[in-house]
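Chemist:
There are 2 protein chains.
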Amino acid sequence: MIPTKNHFKKYHAFLAGQSLFKGISEDELSVFVQSMKIKQYHKGEMVTFDDHSHANLYIVYEGLFKLTKLDEKGDEIVLSILDKNSAVTPMYFSPHYDVCAEFVKNTTVFHFSGSDVRRFIDKYHVFSNNIIQFLADSVQALMISAEVLQLKTAKEKVGWYLVHAKINNTFELPYSKTLVAAYLGMKPESFSRALAELKKEGVVLENKKIKLENGNELCKYCDRVAGSSCSLFQTEKCIHN
Amino acid sequence: MIPTKNHFKKYHAFLAGQSLFKGISEDELSVFVQSMKIKQYHKGEMVTFDDHSHANLYIVYEGLFKLTKLDEKGDEIVLSILDKNSAVTPMYFSPHYDVCAEFVKNTTVFHFSGSDVRRFIDKYHVFSNNIIQFLADSVQALMISAEVLQLKTAKEKVGWYLVHAKINNTFELPYSKTLVAAYLGMKPESFSRALAELKKEGVVLENKKIKLENGNELCKYCDRVAGSSCSLFQTEKCIHN
DNA sequence: TCAATTACTTGATATAGGTCAAGTAATCAT
DNA sequence: ATGATTACTTGACCTATATCAAGTAATTGA
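For the record, the sequence lines run as chains A and B.
Using the numbering used here, the final residue of the first sequence is 241, and nothing's skipped along the way.
Using the numbering used here, the final residue of the second sequence is 482, and nothing's skipped along the way.
(1) Could you give the C-beta distance for Leu-311 of chain B and Glu-317 of chain B, rounded to a whole number, given that I count them as a contact under 8 Å?
(2) Return the residue from the list B:Ser-386, B:Pro-415, B:Tyr-338 and B:Thr-394 that minimises the CA-CA distance to Ala-136 of chain A.
(3) DSSP state of Gln-259 of chain B, grouped into three classes?
(4) To the nearest angstrom, how far is it from the Cα of Lys-155 of chain A to the Cα of Ala-181 of chain A?
(5) Can you give me, in chain order, the residues of the region 73 to 85 of chain A that have a beta carbon less than 7 Å from any beta carbon in chain B?
(6) With C-beta atoms as the reference, is Phe-103 of chain A less than 8 Å away from Tyr-61 of chain A?
(7) Do the region 369 to 376 of chain B and the region 123 to 143 of chain A make contact, defined as three or more Cβ pairs closer than 8 Å?
(8) For a test of the three-state rule: what should DSSP assign to Ser-128 of chain A, helix, strand or coil?
(9) Counting only beta-carbon atoms, is Arg-360 of chain B nearer than 8 Å to chain A?
(10) So what's Glu-79 of chain A in DSSP terms, helix, strand or just coil?
(11) Taking DSSP as the reference, what is the three-state secondary structure of His-295 of chain B?
(12) By the criterion of Cβ-Cβ separation under 8 Å, what are the contact partners of Ala-387 of chain B in chain A?
(13) What residues from chain B crowd round Ser-190 of chain A, counting only those whose CB sits closer than 8 Å?
(14) Where does the unbroken alpha helix (DSSP H) through Val-117 of chain A begin, and where does it stop?
(15) Starting from His-352 of chain B, follow its DSSP beta bridges and name the residues at the other end.
(16) Indicate whether at least one CB of chain B lies closer than 8 Å to the CB of Ala-136 of chain A.
(17) Using C-beta distances below 7 Å, list every residue in its chain close to Ala-226 of chain B, excluding the 5 sequence neighbours before and after it, in chain order.
(18) Could you tell me whether the Cβ of Phe-334 of chain B comes closer than 8 Å to any Cβ of chain A?
(19) Just curious, the alpha helix (DSSP H) that Lys-155 of chain A is in, first and last residue?
(20) State the Cα-Cα distance for the pair Glu-267 of chain B and Ser-354 of chain B, rounded to the nearest angstrom.
(21) Taking any Cβ of chain A, which residues in the region 456 to 479 of chain B have a Cβ under 7 Å from it, in chain order?
(22) Which residues of chain A have a Cβ atom closer than 9 Å to the Cβ of Gly-400 of chain B, listed in chain order?
(23) Among B:Leu-459, B:Ile-279 and B:Ala-254, which one has its Cα closest to the Cα of Tyr-299 of chain B?
(24) Against Tyr-97 of chain A, what residues of chain B qualify as contacts under a CB-to-CB distance less than 8 Å, listed in chain order?
(25) Kindly list the residues whose CB is nearer than 6 Å to the CB of Arg-224 of chain A, restricted to its own chain and excluding five residues on each side of it in sequence; keep chain order.
(26) Buried or exposed: which applies to His-295 of chain B, given that a residue is buried once 16 or more other Cβ atoms fall within 10 Å of its Cβ?
(27) Whose Cβ in chain A lies nearer than 7 Å to the Cβ of His-366 of chain B?
(28) Where does Lys-450 of chain B fall in DSSP's three states?
(29) Is there at least one Cβ from chain A nearer than 8 Å to Gln-374 of chain B's Cβ?
(30) Closer than 7 Å, Cβ to any Cβ of chain B: which residues of the region 176 to 189 of chain A, in chain order?
(31) Can you check which of these residues, A:Leu-205, A:Val-158, A:Met-46 and A:Tyr-92, is closest to Leu-64 of chain A by C-alpha distance?
(32) Can you check which of these residues, B:Leu-308, B:Tyr-365, B:Lys-450 and B:Leu-439, is closest to Lys-461 of chain B by C-alpha distance?
(33) Given a threshold of 16 other Cβ atoms within 10 Å of its Cβ, counted over all protein chains shown, does Glu-430 of chain B qualify as buried or as exposed?
Rendered as structure tokens:
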């Protein structure tokens, strides 16, 4: 797909809104955007990052996919779920570390070659700092995942996932139950049973909409990082003191 | 502890050898080292990174500790094991994300304040790139952990851990079984039983020394990233083609 | 719009690894 | 050197979640 001038403007605006490009001027960004490639993937496609694609930085313009690791038996873990505005860059990883992208919806991603990214890092100090922040956020997210996956019971995992939708006020499960279950390292059956348990506590999920009896039923499943974005954070109603 | 001039030289040499300071000249490093603080912790101590210590970059000069997350029930996960030459920096994390350092041995750490690190990043582009590589390595290590913890059986986890000691040719378990078990997300009892299983396959662990009957018994537990450092990598003896 | 596919639920059953207990071996501190 | 503490092992038992199966509900695509 060759971007038309019109598209180009749209993409430019989109990228300007990304936290990776925070603090970069319009003109500076333009140079970078010139070298951007656009790629579309189809629902159901599975792509492994090979030695070549390892060098890239990817930003999701539209769509949905999961980053997974598969083992010989065919079992998989979901490392992260990526949709609009998500970014991923295996460029600093070992070329022998292979992860897989499984596309859940038709997806459009922008990608920048490793050499362009490095050039941009060298030239624009802000961008370098943004990359640092992006990687640090990834580290923190993975640490929190590790904690959730290892320490929490099925019900706690689901509660923890749902509380995010309360905090960001959508009160909506953003993806299918099966996908969320996989992300939480559990089977759809267990997810379903966990929801049944939560229902007894006043948490109802009905066509992806979360309904709470009193409003605070999910608070016990909250962590401090997520909680710090909550309107009740550290009020007397909040469990985090 | 106030470093004497002599100590200072020793520390300077130590830091010059760290990959975080690769490409930094002696003189440049000196400036940075001036502002370094030294802290000693005792075996058994437990320290939480508070808002203040969050801003720091830590490098382990000597000793051993584990970075853990604890939950209300008192269960813990080991996010990483840190010993000589290891580094950790929560400085880019949410101030609400609290991890805990549990000291296994008496430990000496150097730390640099967040503002010094930022100043150094601004000034020395190589350092900024080193930080990027350091964070990316952390991301990759956490992804591999996630995979090991979720996808592997007890025996596979232990085999995977042991194969590293084969690859780096020490043939030695670097830490206590209990600590390694915790890192692998399992109980000491399960670790012990997994070792018993491996013994049947010709893998013997005797006072921390790994003995193999034929030499290739651990290969089936190897991953490609670890394997890429193996002397047999991608020869006909290697499972990775 | 309707058949086909995929998503979800619920029950019965299996199992890996956790827990508890009791013992031995190794290490530490005085 | 020795008593105390901690590390490790082994067996019996338990439990949370996976698996299997069979069904219903929802979504998709021609």
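C-beta: ideal position from N, C-alpha, C; glycine also.
Modeler: The relevant details are as follows:
(1) Right, their Cβ atoms sit about 5 Å apart.
(2) When each option's Cα is compared against that of Ala-136 of chain A, the closest is B:Tyr-338.
(3) Coil.
(4) For Lys-155 of chain A and Ala-181 of chain A, the distance between alpha carbons rounds to 11 Å.
(5) Those would be Asp-75, Ile-77 and Leu-79, in chain order.
(6) Remark: C-beta atoms of Phe-103 of chain A and Tyr-61 of chain A do not approach each other more closely than 8 Å.
(7) They touch, by the three-pair rule.
(8) DSSP places Ser-128 of chain A in helix when its eight states are reduced to three.
(9) Arg-360 of chain B does not count as touching chain A.
(10) Contrary to the premise, residue 79 of chain A reads as Leu rather than Glu in this sequence. Leu-79 of chain A: strand per DSSP, three-state reduction.
(11) Here DSSP, grouped into helix, strand and coil, assigns His-295 of chain B to helix.
(12) What Ala-387 of chain B touches in chain A: Lys-69, Ile-77, Leu-79, Leu-142, Ser-145, Ala-146 and Leu-149.
(13) What Ser-190 of chain A touches in chain B, judged by beta-carbon distance under 8 Å, is nothing: the nearest beta carbon there is about 14 Å away.
(14) Its alpha helix (DSSP H) spans residues 114 to 123.
(15) According to DSSP, His-352 of chain B bridges with B:Lys-278 and B:Tyr-299.
(16) Yes, its Cβ sits closer than 8 Å to a Cβ of chain B.
(17) Chain B is shown only over 242 to 482; residue 226 of chain B falls outside these bounds and no answer can be derived.
(18) For Phe-334 of chain B, the answer is yes, since a Cβ of chain A falls inside 8 Å of its Cβ.
(19) Residues 154 to 167.
(20) Rounded to the nearest angstrom, the two C-alpha atoms are 20 Å apart.
(21) Contacts with chain A (Cβ-Cβ distance below 7 Å) from the region 456 to 479 of chain B involve Arg-465, Val-466 and Ser-469, listed in chain order.
(22) Against Gly-400 of chain B, chain A offers no close residue; the least beta-carbon distance is about 14 Å (beta-carbon pairs closer than 9 Å).
(23) Ranking the options by Cα distance to Tyr-299 of chain B, first place goes to B:Ile-279.
(24) Within 8 Å Cβ-Cβ: Gln-381, Met-384, Ile-385, Arg-465 and Val-466.
(25) Same-chain partners within the cutoff: His-240.
(26) So His-295 of chain B ends up on the buried side.
(27) Within chain A, the residues Asp-122 have their CB atoms less than 7 Å from the CB of His-366 of chain B, given in chain order.
(28) Strand, per DSSP.
(29) Taking Cβ atoms only, chain A reaches closer than 8 Å to Gln-374 of chain B, which makes this a yes.
(30) Per Cβ criterion, the list reads Gly-185.
(31) Checking every option, the nearest Cα to that of Leu-64 of chain A belongs to A:Met-46.
(32) Of the residues B:Leu-308, B:Tyr-365, B:Lys-450 and B:Leu-439, the one whose Cα lies closest to the Cα of Lys-461 of chain B is B:Leu-439.
(33) With fewer than 16 Cβ atoms within 10 Å of its Cβ, Glu-430 of chain B is classed as exposed.
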